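Worksheet: the structure to be examined is printed underneath.
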Amino acid sequence: MYFNRGKIKEKIIGKSLKELLKRNRQSGAVTTFLGVVRPDVHRGKKVSKIEYTTYSPMAIITLKNLINEIKKKYGIECVFFRHSLGMVHSGEISLLVHLSSPHREMGIEAVKTLINRMKKEVPIFKKEFFKDGSHFWI
C-alpha cells in the first residue's frame, strides 16, 4: 500500500516507524521525511489545500520499481512510503517516507533521490485550491 486517503495522520507515522525498527535490527540509521502542504502564494493567491489524484495501477508499478532501484543503489534494507490522495489542507502532511540503511549518509541521499524521482516519474497530480475558492492544476 503506497497511498493514503486524505492527510497522513501522526498515528501512521509512529506505527510505521515502530514496525520498520522491529524488522530492521541491523540498520545503523533510519531516515524519515515528512512532506507538508505549504500555504504558498501562486499567481498572487494563497494556497489553502491541495487535492492529489493518480492513476493507481501505473503509479504502484512505478513506485515499486523505483523503490527497488533505490534499495539496490543505496543498500537500503526497508522502505515505508505513503502519499496522500484526495484533499490535504495547508499545514497537513501529504508524504511520509521512512527508510533504514547501514549509515546515515546513504539514507539521506536515498530519501532525496526517491522523492526527486517520484515527483518526476510517478503519475501523481495536484490541484491547488486557493482561499478565494479558485483552483489550478499543477
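Under the numbering used here, the very last position in the sequence shown is 136; numbers go up by exactly one each time. The beta-carbon is built from N, C-alpha and C at its ideal position, and this holds for glycine as well. Note that this is a predicted model, so its numbers are computed, not measured.
Would you kindly check if the distance between the Cβ of residue j and the Cβ of residue i is under 7 Å?
| i | j | result |
| --- | --- | --- |
| Phe31 | Leu83 | no |
| Phe123 | Thr51 | yes |
| Gly33 | Leu93 | yes |
| Val35 | Glu90 | yes |
Once DSSP output is grouped into helix, strand and coil, what is the label at residue i?
| i | result |
| --- | --- |
| Lys62 | helix |
| Val120 | coil |
| Ser82 | strand |
| Glu17 | helix |
| Leu54 | For the record, residue 54 in the displayed sequence is Ser; it is not Leu. In the structure shown, Ser54 sits in a helix (DSSP, three-state: H, G or I). |
| Ile48 | strand |
| Glu126 | strand |
In whole angstroms, give me the CA-to-CA distance for residue i and residue j.
| i | j | result |
| --- | --- | --- |
| Gly73 | Ser99 | 6 Å |
| Arg41 | Gly131 | 14 Å |
| Glu103 | Leu97 | 12 Å |
| Trp135 | Gln24 | 43 Å |
| Glu8 | Val77 | 18 Å |
| Val95 | Ile106 | 11 Å |
| Lys129 | Pro37 | 10 Å |
Please check the pair residue i and residue j, which I expect to be a contact at CB under 8 Å, by giving their CB distance rounded to whole angstroms.
| i | j | result |
| --- | --- | --- |
| Lys117 | Glu49 | The Cβ separation is near 17 Å, so there is no contact. |
| Glu75 | Asn22 | 5 Å |
Q) Is the region 5 to 20 touching the region 62 to 71 in the sense that three or more CB pairs, one from each, lie closer than 8 Å? A) no
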